[in-house]
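The next block holds one structure in the form of structure tokens; read it before the comments.
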Amino acid sequence: MDGYDKIAATTVLVVDDVPASRYAMGAVLRRAGHDVVPVGSAGEALSELDVRLRAGALPDVALVDVGLPDMSGFELCRRVKSRPSTAALPVVHFSAMAVEAGDRCRGLDVGADAFLSVPAEPSEIEAVVRAAVRRARRRTAAETLAHRLTLLSEAIVTVQTARCLGELADAAAAGAARLVGTPAVVFVIGPDGEPHWGSSPNRPRGHGFARPAGAPAAVPDTGPQVAAARLITRIAQGRTGRTGVHTTVVPASLWPAGFFRPGIREDARLVLALTEEGRTPVCIATPVRPAAVPDPGHHPLSARHPRFTPLLASAPAADDLLARLAQAAALAAEPLLMYQAERHIALTLQHSFLPQPYRLPALPGVEVVVRYVPASSQAEIGGDFYAALRTRDGVLTAVGDVVGHSLDAATVMVEIRHALRAYCVEESDPGALAERLDRMLQHYHPDVTATVCLALVDPGTGRGRIANAGHIPPLILRDGGDAEYVPVSGPLLGLGLDRPAPTELVLTPADRLLMVTDGLIESRGVDLAVCLEQLRTAAADAPSGVEALCDTLLDHFGRDQEDDIAMLALRLG
């Protein structure tokens with residue numbers, strides 16, 4: 200026997216318009232231990248199925264007489280099989296008269312699972328019922344497995360495309376919840392012990408520990424999730440040197456109360472994945488206690504209802520699926536943690552070498568305001584920079600961007616700034632400085648290009664010279680609200696191309712000169728010309744003053760940008 204030969208007590212719907220035959224068939228089935236639901240017509244059968252469908256208690260098999268008074272048993276079978284909610288219900292036709300091969304073929308063509316000629320021996324009737332239920336349950340098991348494997352594949356793809364640890368944890372938690380039908384929480388423990396976490400959408404919110412969408416992934420030092428993260432960290436440390444996936448159950452007495460369901464203290468099943476390097480533990484936490492929750496992808500017979508499934512009915516199978524998901528999440532977390540570390544280094548480098556506003560050098564005769572905003576946490580740090588320097592001929596300002604996004608871009612940015620500071624000791628002309636920076640990049644970084652806009656302003660006369668190397672041209676805001684871009688252009692640094700002469704202009708005390716990197720305005724799918732016009736309009740409408748100008752533009756453009764933002768505004772004074 201294979202485990203299906205002994206079918207647990209089943210419910211059999213018997214559809215027969217002859218009371219005596221219906222009673223006899225029911226008696227045979229009851230003696231075999233089955234529950235019997237007798238009805239006398241096809242219409243009654245459809246009504247009974249509707250009632251049981253709403254109650255989540257479909258029968259396990261239907262025995263249908265071929266010769267019913269209101270419609271044939273063949274038509275009843277066709278209707279049952281055509282409805283998604285009852286399509287998997289096994290149907291066995293029986294008849295004392297329609298016993299020809301054509302009758303049996305007709306029944307099979309409309310979806311019946313078997314045909315029984317009556318009168319028949321009780322053992323034959325029972326065997327046919329067992330076989331029909333066994334086939335249906337095997338089919339359901341295969342469909343359920345295929346469905347779960349599809350869910351697992353979808354979850355792994357989503358995890359692998361996560362842009363940050365928060366997205367990864369949320370994706371893994373959502374996938375785990377769909378696999379086992381319970382609330383789920385995923386923790387990612389960084390190499391420094393810093394935990395990050397995400398929760399499934401069906402996990403209760405508003406209990407002091409659910410992370411809202413878009414909030415940082417790092418766990419704050421408060422709430423049950425912190426206690427859970429610390430417990431997971433201790434368990435992971437106890438498995439030092441043991442890579443792979445480990446499953447354990449934490450008793451309710453050790454697990455934070457109400458973590459999965461408000462007001463309920465329950466055991467937690469932890470599936471912990473440790474990478475080959477022995478770091479970056481990923482833990483999927485789910486409650487042990489099963490419960491029925493909506494799952495439209497499962498078969499009606501899995502829980503006698505098309506919308507519900509028994510959770511963790513097969514714990515080893517569920518654990519295996521969660522183990523695969525946890526392992527995929529751990530492997531996906533490794534490069535994200537490496538990126539996070541590199542991003543932190545790049546950001547530290549940017550902050551170390553870009554002087555903060557209060558540390559700008561004294562620049563007599565001009566007021567200079569600078570801003571630097573790193574890209575959102577999902578994006579890489581680039582090579583944006585600004586500079587404000589004193590020279591023998593006036594104040595030199597610069598805003599630039601090394602092409603690319605990485606620690607390398609930030610490193611080259613530092614070299615350009617230092618080179619500019621060194622060159623301007625002897626040379627202050629923007630055109631000459633652009634040529635020197637161009638040669639420096641070609642010599643030391645032949646595969647790197649950069650953009651930069653250089654402006655030299657004499658505070659005494661307001662005369663200025665501007666050179667541009669592939670950068671957004673500076674914007675002049677005149678007294679009265681007019682705003683226009685300085686007509687200046689030139690090739691990128693690092694290409695070795697001829698450069699046009701700098702553009703000359705004169706600033707009045709009421710004028711403001713604005714220089715920005717493209718991270719402020721560029722939007723994916725929007726033409727740069729449109730972005731430039733939006734910037735010009737917003738700057739023209741901004742309040743007077745350089746501080747107010749920068750703050751207004753950052754409020755208008757600088758939210759959730761995918762690139763760094765460097766900004767410099769200058770006014771004589």
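Here the sequence shown is numbered in our numbering, starting from 200 and rising by one per residue.
Glycine included, each C-beta is placed from N, C-alpha and C at the ideal position.
Going by beta carbons, proline 701 and isoleucine 665 fall inside the 9 angstroms limit. Serine 452 carries a coil assignment under DSSP once its states are collapsed to helix, strand and coil. Scanning the stretch 271 to 358 from its first residue to its last, the whole beta strand (DSSP E) runs of 3-plus residues come out as 290 to 294, 313 to 316. Contact between alanine 608 and threonine 596 does not hold, since their C-beta atoms are separated by about 21 angstroms, which reaches or exceeds 8 angstroms.
With fewer than three CB-CB distances shorter than 8 angstroms, the stretch 444 to 462 does not count as touching the stretch 358 to 366. Going by beta carbons, arginine 464 and threonine 485 fall outside the 9 angstroms limit. For glycine 718, the secondary structure class from DSSP, reduced to helix, strand or coil, is helix. For a cut-off of 8 angstroms, the C-beta gap from histidine 292 to leucine 257 is around 19 angstroms, too long to register as a contact. Taking all protein chains in view, the Cβ of threonine 736 is surrounded by fewer than 16 other Cβ atoms within 10 Å, so the residue is classified as exposed.
Here the C-alpha atom of histidine 233 lies approximately 10 angstroms from the C-alpha atom of aspartate 259. Its chain contains His233, Asp259, Val332 as the residues whose beta carbon lies nearer than 6 angstroms to that of threonine 209, once the 5 sequence neighbours on both sides are disregarded; these appear in chain order. In this structure, the CA atom of arginine 282 is about 43 angstroms from the CA atom of valine 449. Judged by DSSP in its simplified three-state form, aspartate 264 adopts strand. Glycine 599 and isoleucine 671 have their C-alpha atoms some 9 angstroms from each other.
Apart from the 5 residues on each side of it in sequence, valine 685 sits with its Cβ closer than 7 angstroms to the Cβ of Ile665, Pro672, Pro673, Ile675, Thr702, Leu704 in its chain, given in chain order. Taking a C-beta distance under 9 angstroms as the contact criterion, proline 423 and proline 382 do not qualify as a contact pair. The stretch 370 to 377 makes no contact with the stretch 309 to 328: fewer than 3 CB pairs, one atom from each, lie closer than 8 angstroms. Boundaries around proline 486 are those of the beta strand (DSSP E), 481 to 486, since no alpha helix (DSSP H) includes it. Inclusion of valine 687 and leucine 771 in the CB contact set at 9 angstroms is not warranted, their separation being larger than that value. When only Cα atoms are considered, glutamate 566 and aspartate 678 end up about 16 angstroms apart. Rounded to whole angstroms, the gap between the alpha carbons of valine 217 and valine 317 is 13 angstroms.
The beta carbons of histidine 644 and valine 611 sit closer together than 9 angstroms. In chain order, Val444, Ala472 place their CB closer than 7 angstroms to the CB of glutamine 526, counting only its own chain and leaving out the 5 sequence neighbours on each side. Residues Val211, Val235 of the same chain have their beta carbon placed closer than 6 angstroms to that of leucine 228, with the five preceding and five following residues left out of the count. If you draw a straight line from the Cα of alanine 618 to the Cα of leucine 530, it comes to about 41 angstroms.
A residue is called buried when at least 16 other Cβ atoms come within 10 angstroms of its Cβ; aspartate 646 does not meet this threshold and is exposed. Of the other Cβ atoms in all chains shown, 16 or more fall within 10 Å of the Cβ of glutamate 634; this residue is therefore buried.
For phenylalanine 386, the uninterrupted beta strand (DSSP E) segment begins and ends at 384 to 388. A straight-line Cα-Cα distance of about 8 angstroms links glycine 693 and leucine 636. Per the coordinates, the alpha-carbon of serine 294 lies some 6 angstroms from the alpha-carbon of valine 265. Taking each of Thr339, Cys276, Pro699, Tyr622 in turn and checking the Cα distance to aspartate 308, the smallest one comes out for Cys276. A residue is called buried once 16 or more other Cβ atoms fall within 10 Å of its Cβ, and cysteine 482 is buried on that count. A straight line joining the alpha-carbon of valine 715 with that of arginine 620 spans about 20 angstroms.
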